[in-house]
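My numbering puts the sequence shown at residues 6 to 471. Yeah, the Cβ is synthetic: ideal placement off N, Cα and C, and Gly gets one too. These numbers were taken from a predicted model, which means no experiment stands behind them. Notes follow the structure.
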Amino acid sequence: MPDPASALLPHPGPDSGPLDAPAPDLLLLEGLHTFRIETWGCQMNEHDSEKMAGVLEALGLTRARSAGEADVVLLNTCSVRERAAQKVFGRLGRLRRYKRLRPHMVIGVCGCVAQQEQQRIFDRAPFVDIVMAPRTIASLPRLIAESRLRRHAIAVIDPRDRLSREPAAVSRVSRTRAWITVMEGCNKNCTFCIVPYTRGREACRAPESILAEARDCVASGLSEIELLGQNVNAWRHGAWDFTRLLTAVARISGLRRLWFTTSHPLHFKNSIIEAMAAEPAIARFLHLPVQSGSDTVLSLMHRGYTAAQYRDRIARLRDRIPDVALSTDVIVGFPGETAADFEATLELINDIRFDSIYSFTYSARPGTPAASLQNDIAPEGATSRLHRLQAAQDAIQESQMRRLEGTLQEVLVEGPSPRGGGQLTGRTHHHRVVNFTGDPSMVGRIIPVRISRAGAHSLTGTPLLS
């Protein structure tokens, strides 16, 4: 597999075109009435799917109940974890039978796997019509039209490029929260991460555009906003830094809660802490990936900070916001990680006592520097470490959640609970999930809920309404 840093070129081949290509001939879209988007990955991918849906709905298409009934099926993919491409090709194999029954169907692979695999997708699955990388969503109508003329259409990026173009329409799924992309890409060189290759260099939106979108979302009845970026607190535009943007969004009239993700410890400045403490709308929650508690491993990862510096950031935050809830990312089994390195990670987890963690065993990503490192840790050894880490974290979470039993929590009601049974679900200002029995008319409101039972991952309670 070629090195993504040198192999990815913008819009290669005769099927490609500029991001700002003119609108396609609508006759080429005849017979396409419904669509389905299947999404893997983080909030960025989920929001990208909302943008794709907005583009398709602007063309007059409506959502299909299943892939078998859809005229356009898009797989919006993530390649952060190992075997992502195999997962995509497995799903494509199941979609192929629908294509045989309905030859007019348009099948597209989008997102990070599209950028990673490019032409190889057509080589392995020639029935695929579209390959569309992140940051090219505005070209979707052109790609559909071209695929109906030439069968294959592709739009990928040069990862060195800072260009990005937002589509005009977004079809938002949540009844309470709006995701808003403030920047795309990442300029960091973490040795394990494929994001700089699949999403390119940092490209920051103008503050005027972000604020206008945020105001529109609040005016439409959405009471929460989450600012998104691969490295969100590195956002900068002219004289604006992220603290100024965060404060400006937080002060929009009618906004109830403001979240932001994902932050990098190097860019988590004291001014952001002060803004979080000063602005009531900013949630008392922070996701700040640490990845490891070992300085040796952090150096091998090129993270740019030490465990002590990370601890200092957390201490400063807790000094200003004592009840802040914290989550983090941890990779175990990174090449070169010793037993002592892993114990340092366990110690950090036990000392900081995160409210939640996202933990994984290391998986080599193609073309990244860490993929060439020798890894002497057997898969079963890495899995054993992961289980130890997760057991320690589960104990911490359950202990911290049980302290909330009997307390009154302000919950923003999001919608029906996955538990079913007429229950609703929502989140506190600290991002804790609360399930309770209530009326659907509560959705979108902030209501007091008395917590009756706590588990490691969610709370159960009773709403108290006058």
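Contact check for L97 and E43: beta-carbon distance about 11 Å, past the 8 Å limit, so the pair fails to qualify. Under the three-state reduction of DSSP, F339 is assigned to coil, being neither helix nor strand. Straight across, the Cα-Cα distance linking G298 with I336 is about 10 Å. Linking G427 to R102 through their CA atoms gives a straight-line distance of about 37 Å. Here A344 is exposed: its Cβ has fewer than 16 other Cβ atoms, across all protein chains shown, within 10 Å.
Under the 10 Å beta carbon count, Y363 is surrounded by fewer than 16 other beta carbons and is classified as exposed.
Just so you know, the alpha carbons of L353 and P270 end up roughly 15 Å apart. In this structure, A312 lies away from D324, with their beta-carbon atoms at least 8 Å apart.
Cα atoms of D221 and E342: separation of roughly 48 Å, rounded to the nearest angstrom. The beta carbon of R358 is closer than 6 Å to those of I401 in its chain, skipping five residues each way along the sequence. Taking each of R318, N50, W264 in turn and checking the Cα distance to R204, the smallest one comes out for N50. In the DSSP assignment, I278 falls within the alpha helix (DSSP H) that extends over 275 to 283.
Between A461 and E403, the gap from beta carbon to beta carbon is short of 8 Å. Taken atom to atom, the span from the alpha-carbon of L145 to that of A219 is near 24 Å.
As computed with DSSP, N50 is found in no beta bridge at all. Positions of the beta strand (DSSP E) runs, each at least 3 residues long and wholly inside the segment 57 to 101, are given as 77 to 82 in order along the chain. Minimum Cα-Cα distance from E279 among the listed residues L260, R249, R308 corresponds to R249.
Just so you know, the alpha carbons of D334 and L391 end up roughly 12 Å apart. Residue environment: L469 is assigned as exposed (fewer than 16 neighbouring CB atoms within 10 Å of its CB, all protein chains considered). Assignment of D381 by DSSP, reduced to helix, strand and coil, places it in the coil class. In the DSSP assignment, E122 falls within the unbroken alpha helix (DSSP H) covering 117 to 122.
In this structure, I162 lies away from D134, with their beta-carbon atoms at least 8 Å apart. Sixteen is the threshold: since fewer than 16 other Cβ atoms of the shown chains lie within 10 Å of the Cβ of N192, the residue is exposed.
For the pair T196 and T373, the CB atoms are nearer than the 8 Å cut-off. Between I230 and L260, the C-beta gap is smaller than 8 Å, which places the two residues in contact. In the structure shown, the three-state DSSP call for D334 is strand. Excluding residues up to 5 positions away in sequence, V114, A119, I126, I159 lie with their Cβ nearer than 6 Å to the Cβ of V136 in the same chain. Contact between L64 and L33 does not hold, since the beta-carbon distance rounds to 11 Å and is not under 8 Å.
When C-alpha distances from V93 are compared across E122, E74, R68, the shortest belongs to E122. The three-state secondary structure of L263, taken from DSSP, is strand. By the C-beta density criterion, E213 is exposed, having fewer than 16 other C-beta atoms within 10 angstroms. Judged by DSSP in its simplified three-state form, D346 adopts helix. By DSSP's assignment, G113 forms a beta bridge with L79, I135. When only Cα atoms are considered, V438 and A244 end up about 37 Å apart. G466 is bridged by DSSP to F441, I456. The residues T39, F40, R41, A75, in chain order, have a CB closer than 7 Å to that of A69 in the same chain once the five nearest residues on each side in sequence are set aside.
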